[in-house]
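Each residue of the sequence shown is one higher than the one before, counting from 1 in full-length UniProt numbering. Each residue gets a CB set at the ideal place from its N, CA and C atoms; glycine is no exception. In what follows, a single structure is set out as structure tokens and then discussed.
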Amino acid sequence: MGPKIILTGSTGKLGSAVLKNLLELVPPSDIIASVYNPSGHQDLKDKGIELRKGDFNDPKSLVSTFKGGDKLMLVSLPSRDDDYRIRAQTAAIDAAKKAGVKHIYYTSLNFADGSQAKVMKAHFATEDYLKASGVDYTIIREGGYMDSYSIYLGFWNSSLDKVTVPGDGPVSFADRNELGEATAKLLVTDEFKNRTVTLSGARAYTLKETTEILSTILKKDIQFEKVSEQEFIEKNAAIRDVAEWWASTYPSLEKGEGGMVDDTLERLLGRTPRRFEEMLRYTLKEDPAADKEMKEWTSH
Ligand SMILES: NC(=O)c1ccc[n+]([C@@H]2O[C@H](COP(=O)([O-])OP(=O)(O)OC[C@H]3O[C@@H](n4cnc5c(N)ncnc54)[C@H](OP(=O)(O)O)[C@@H]3O)[C@@H](O)[C@H]2O)c1
Numbered sequence: 001m002g003p004k005i006i007l008t009g010s011t012g013k014l015g016s017a018v019l020k021n022l023l024e025l026v027p028p029s030d031i032i033a034s035v036y037n038p039s040g041h042q043d044l045k046d047k048g049i050e051l052r053k054g055d056f057n058d059p060k061s062l063v064s065t066f067k068g069g070d071k072l073m074l075v076s077l078p079s080r081d082d083d084y085r086i087r088a089q090t091a092a093i094d095a096a097k098k099a100g101v102k103h104i105y106y107t108s109l110n111f112a113d114g115s116q117a118k119v120m121k122a123h124f125a126t127e128d129y130l131k132a133s134g135v136d137y138t139i140i141r142e143g144g145y146m147d148s149y150s151i152y153l154g155f156w157n158s159s160l161d162k163v164t165v166p167g168d169g170p171v172s173f174a175d176r177n178e179l180g181e182a183t184a185k186l187l188v189t190d191e192f193k194n195r196t197v198t199l200s201g202a203r204a205y206t207l208k209e210t211t212e213i214l215s216t217i218l219k220k221d222i223q224f225e226k227v228s229e230q231e232f233i234e235k236n237a238a239i240r241d242v243a244e245w246w247a248s249t250y251p252s253l254e255k256g257e258g259g260m261v262d263d264t265l266e267r268l269l270g271r272t273p274r275r276f277e278e279m280l281r282y283t284l285k286e287d288p289a290a291d292k293e294m295k296e297w298t299s300h
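If you want it as structure tokens, here you go:
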């Protein structure tokens with residue numbers, strides 16, 4: 001029997017990809033899935049995975065959820081309420097420490113240290129808290145999810161002839177399934193203990209470049225327009241609170257803070273990561289996943 005690995009978020013898109021790939025690497029008896037409601041998920045039980053109730057809104061209960069685990073994968077919570085996110089994630093770290101977990105992996109986002117993008121506030125706070133916790137850690141800074149590209153493009157959708165954003169810069173987009181595959185590999189090695197690891201796509205794309213690729217795929221001229229932050233917010237007045245929060249990402253992108261490229265993902269996968277153009281072609285022609293992603297994301 002190897003170390004017991006506890007996964008949070010394994011009913012979500014990233015976490016389910018981690019779980020699927022982890023099952024190729026360790027026996028199911030080495031995995032515990034922490035889920036909101038353990039009464040469902042028969043598919044996971046059928047695989048022989050132990051399910052435990054784990055609600056981040058009830059941090060005290062997480063001590064028993066995490067008991068017996070050696071490693072914990074803490075998937076960042078999907079919320080734009082930064083204070084809630086920080087409170088819940090740091091409380092989960094405390095609970096894991098109390099439960100005797102020896103190594104915590106945290107899924108962060110690939111923006112440079114010091115970025116003022118609001119999306120990084122809870123990530124940086126959680127990273128700092130984890131590093132100071134005394135528990136071994138691995139911080140995984142993930143490239144922007146490829147199927148979140150429409151969010152980066154200022155909530156663009158394929159019915160629009162123009163991308164309107166308050167700034168431009170490179171984003172090292174990565175495929176969520178490949179991030180799951182690589183994260184599973186990170187969980188079974190100690191190579192990245194007490195390190196921050198960047199998992200990015202093989203290259204970064206500016207938003208203007210992305211718009212040009214979309215124009216080619218859709219065979220229509222999609223304009224790229226840079227506007228002021230205020231104009232951006234007014235344009236997205238129907239989702240004003242989301243737009244105000246997200247607008248702070250663009251000055252950071254302009255400084256190149258979302259575009260760091262690293263070959264660790266490629267190394268862990270043992271192949272070239274999926275190309276962004278290929279994903280866009282697939283999404284726009286075969287699958288409305290990006291629209292779905294944007295609707296889910298803006299509703300958190
Ligand atoms: N890199 C990027 O571009 C990017 C883009 C979008 C999001 N993200 C971040 O990456 C994370 C993973 O993405 P994803 O696509 O896998 O998200 P997702 O599909 O929304 O999954 C989120 C997971 O968190 C669980 N969860 C939410 N609130 C919880 C709570 N209070 N207690 C316990 N579990 C809770 C959900 O459980 P249930 O299924 O039971 O609700 C789900 O398993 C997100 O949470 C977000 O922080 C990154």
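The beta carbons of Arg274 and Asp175 sit closer together than 8 Å. Secondary structure at Glu24: coil, using DSSP grouped into helix, strand and coil.
In this structure, Ile213 is the residue among Thr249, Arg85 and Ile213 with its C-alpha nearest to the C-alpha of Leu284. Look at Phe232 here: in three-state DSSP terms it is helix.
Collapsing the DSSP output to three states places Lys226 in a strand.
Contact annotation: Phe232 and Val163 have beta-carbon atoms that are not nearer than 8 Å.
Per DSSP, the continuous alpha helix (DSSP H) segment holding His123 begins and ends at Lys121 to Ala132. Checking the 7 Å criterion, the Cβ of Glu257 is out of range of every heavy atom belonging to ligand 1.
Along the region 61–126, the beta strand (DSSP E) occurs as fully enclosed runs of 3 or more residues at 71–74 and 103–109, listed in sequence order. Taking each of Lys71, Leu72 and Ile86 in turn and checking the Cα distance to Pro78, the smallest one comes out for Ile86. CA-CA distance, Ser34 to Ser115, rounds to 31 Å. According to the DSSP assignment, Arg195 belongs to no alpha helix (DSSP H) but to the beta strand (DSSP E) extending over Arg195 to Leu199. In the structure shown, Ala17 adopts helical secondary structure according to DSSP, grouped into three states. Pro38 and Gly100 have their C-alpha atoms spaced approximately 22 Å apart. DSSP places Glu50 in no alpha helix (DSSP H) but in the uninterrupted beta strand (DSSP E) bounded by Glu50 to Lys53. As DSSP reads the structure, Glu181 sits in no beta bridge. Excluding sequence positions up to five before and after Ala112, its CB lies within less than 7 Å of the CB of Glu257 and Met260, all in the same chain and listed in chain order. Annotation for Glu142 indicates a beta carbon within 7 Å of some heavy atom of ligand 1.
Under the three-state reduction of DSSP, Pro170 is assigned to strand. Pairing Asp46 with Val26, the inter-Cα distance amounts to about 16 Å. Around the CB of Gly40, fewer than 16 other CB atoms lie within 10 Å, so the residue is classed as exposed. Remark: the shortest separation between the CB of Tyr106 and any heavy atom of ligand 1 does not fall under 7 Å. Taking every protein chain shown into account, the CB of Ala204 has 16 or more other CB atoms within 10 angstroms, so this residue is buried.
By the neighbour-count criterion, in which a residue is buried when 16 or more other Cβ atoms sit within 10 angstroms of its Cβ, Gly169 is buried. Within its own chain, the residues whose Cβ lies closer than 7 Å to the Cβ of Phe276, once the five positions on either side in sequence are excluded, are Met146, Phe173, Gly201 and Tyr205, listed in chain order.
Ligand 1 has no heavy atom closer than 7 Å to the beta-carbon of Asp262. Cβ neighbours of Tyr129 within its own chain (closer than 7 Å, five residues either side excluded): Thr90 and Ile93.
Residue environment: Thr272 is assigned as exposed (fewer than 16 neighbouring CB atoms within 10 Å of its CB, all protein chains considered). Relative to ligand 1, the beta carbon of Thr65 is positioned no closer than 7 Å to any heavy atom. When only Cα atoms are considered, Glu296 and Lys13 end up about 12 Å apart. Proximity of the beta carbon of Tyr145 to ligand 1 is indicated: a heavy atom of the ligand is located closer than 7 Å.
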